[in-house]
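Here my numbering = 1-based position in the first sequence + 12. Glycine included, every Cβ here is placed at the ideal spot set by N, Cα and C. One structure below.
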Amino acid sequence: MSTVARTRAFPIRDYDLAATLTCGQTFRWHKRDGCWIGVIGTRWVRLQATPGSLVAETAGLNSDWNWLTRYLQLGLDLGAVLRTFPEDEPMRAAVGACRGLRLLRQDPWECLASFILSSTKQIVQIRQIICLLCERYGEVLTVPPARELAYSFPSAARLARLTEAELRSCKTGFRAPYLLTAARRVADGRLDLSRLQSLSVEAARAELTSLPGVGPKIADCVLLFAYGFPSAFPLDVWVTKALQELYFRRRAVPLSHLRRFASVHFGPNAGYAQQYLFHYIRHFRSR
DNA sequence: TACCAGGAGAGCG
DNA sequence: CGCTCTCATGGT
């Protein structure tokens, strides 16, 4: 039965939609009347979490929903992932505090650009910057009647034509030239983001970190959130704090040491474990 | 007001 | 390699 519809319900369990959309892996979702409204690619989407299912509404008709199931990773067996985590007290606490937190599979360009803009910014500020960029340089999207305007994330080609001053007027600060360089490299083909999916995680990381303003942390965010490399382990100030507090008795440990520890301790889905630690330390052990 | 934010790069010893 | 400084700006 290939129904064409504007809405669809997906049976799912252990999916904490709110945590997933607000935990710092994506920046454009907002809550309205108990639902989550956002943009995936060039589609306006409204999501409602109900017990046992997710209900999705779009502006236009869909004959297939693969773009959505892929983004939300609805086919993932979360339990199988959690079973690969180390059986220690910190991981039990982190997972127990937020059962149902998921990793999304995002568009590489939007993810790369977003995290270039993320450095030494709070998540609320990152959201502001990206919102400004989309309103000014994104495309107006079709939305259902009586809904607020929605915009696509601006393409690399669009941003490549901007001046640094125009980018700085979106509050990007010292990150403006970084974003501009990335946009130009992607737009003129020197950097082929779709090719990275076929590379080893090390080779893909090397490609990303060749961009100015993209170091190991931002590269690993893109490797994990856009390409789904399960071993990518973004080590930011929060995860650093979590590791020191939970595994090193609150002692300051060199970053290189933490990287080594993370790569051996958390197993094949270290990136997933990282997201639970990030969420846990930010919401339950702040300061 | 002071501190800090999902960092990275350059300069230094 | 490890440390320090700078970059820009606004939230808390």
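Quick check: the Cα distance between residue i and residue j, rounded to an integer number of angstroms?
| i | j | result |
| --- | --- | --- |
| residue 150 | residue 56 | 13 angstroms |
| residue 19 | residue 80 | 12 angstroms |
| residue 109 | residue 103 | 10 angstroms |
| residue 180 | residue 198 | 20 angstroms |
| residue 157 | residue 219 | 43 angstroms |
| residue 130 | residue 221 | 15 angstroms |
| residue 47 | residue 41 | 10 angstroms |
| residue 239 | residue 120 | 7 angstroms |
| residue 71 | residue 288 | 33 angstroms |
| residue 29 | residue 170 | 31 angstroms |
| residue 262 | residue 126 | 31 angstroms |
| residue 160 | residue 147 | 12 angstroms |
| residue 113 | residue 106 | 10 angstroms |
| residue 167 | residue 275 | 34 angstroms |
| residue 86 | residue 62 | 15 angstroms |
| residue 290 | residue 201 | 34 angstroms |
| residue 101 | residue 203 | 42 angstroms |
| residue 293 | residue 256 | 11 angstroms |
| residue 43 | residue 69 | 14 angstroms |
Please name the residue in the options whose C-alpha comes closest to that of residue i.
| i | options | result |
| --- | --- | --- |
| residue 245 | 84, 273, 91 | 273 |
| residue 116 | 271, 31, 208, 99 | 31 |
| residue 96 | 290, 295, 296, 281 | 281 |
| residue 144 | 34, 160, 165, 240 | 165 |
| residue 139 | 154, 123, 72, 152 | 123 |
| residue 51 | 152, 36, 136 | 152 |
| residue 154 | 58, 267, 33 | 58 |
| residue 249 | 185, 63, 266, 176 | 266 |
| residue 90 | 231, 163, 111, 213 | 111 |
| residue 23 | 127, 279, 67 | 67 |
| residue 295 | 214, 75, 223, 254 | 254 |
| residue 38 | 69, 256, 202, 84 | 84 |
| residue 195 | 133, 223, 65 | 223 |
| residue 137 | 172, 292, 182, 177 | 182 |
| residue 128 | 192, 49, 292, 256 | 192 |
| residue 162 | 278, 142, 173, 178 | 142 |
| residue 134 | 214, 99, 226, 36 | 36 |
| residue 278 | 205, 209, 99, 88 | 99 |
Tell me the DSSP secondary structure of residue i in three-state form.
| i | result |
| --- | --- |
| residue 290 | helix |
| residue 41 | coil |
| residue 264 | coil |
| residue 65 | strand |
| residue 71 | strand |
| residue 143 | helix |
| residue 83 | helix |
| residue 29 | helix |
| residue 232 | helix |
| residue 99 | coil |
| residue 250 | helix |
| residue 126 | helix |
| residue 185 | helix |
| residue 296 | helix |
| residue 106 | helix |
| residue 91 | helix |
| residue 179 | helix |
Mind checking who residue i pairs with in its DSSP beta bridge?
| i | result |
| --- | --- |
| residue 281 | Answer by DSSP bridge pairing: none, since residue 281 is not bridged. |
| residue 21 | 67 |
| residue 118 | Answer is none; residue 118 lacks a bridge partner. |
| residue 50 | 57 |
| residue 163 | 152 |
Exposed or buried, residue i, counting other C-beta atoms within 10 Å across all chains shown (16 or more means buried)?
| i | result |
| --- | --- |
| residue 45 | exposed |
| residue 242 | buried |
| residue 26 | exposed |
| residue 264 | exposed |
| residue 285 | buried |
| residue 16 | exposed |
| residue 269 | exposed |
| residue 92 | exposed |
| residue 299 | Only weak support is given to the placement of residue 299: the predicted model assigns it a pLDDT of 46, under 50, and the value that follows is read from those uncertain coordinates. The residue is exposed, with fewer than 16 neighbouring Cβ atoms inside 10 Å. |
| residue 184 | buried |
| residue 232 | buried |
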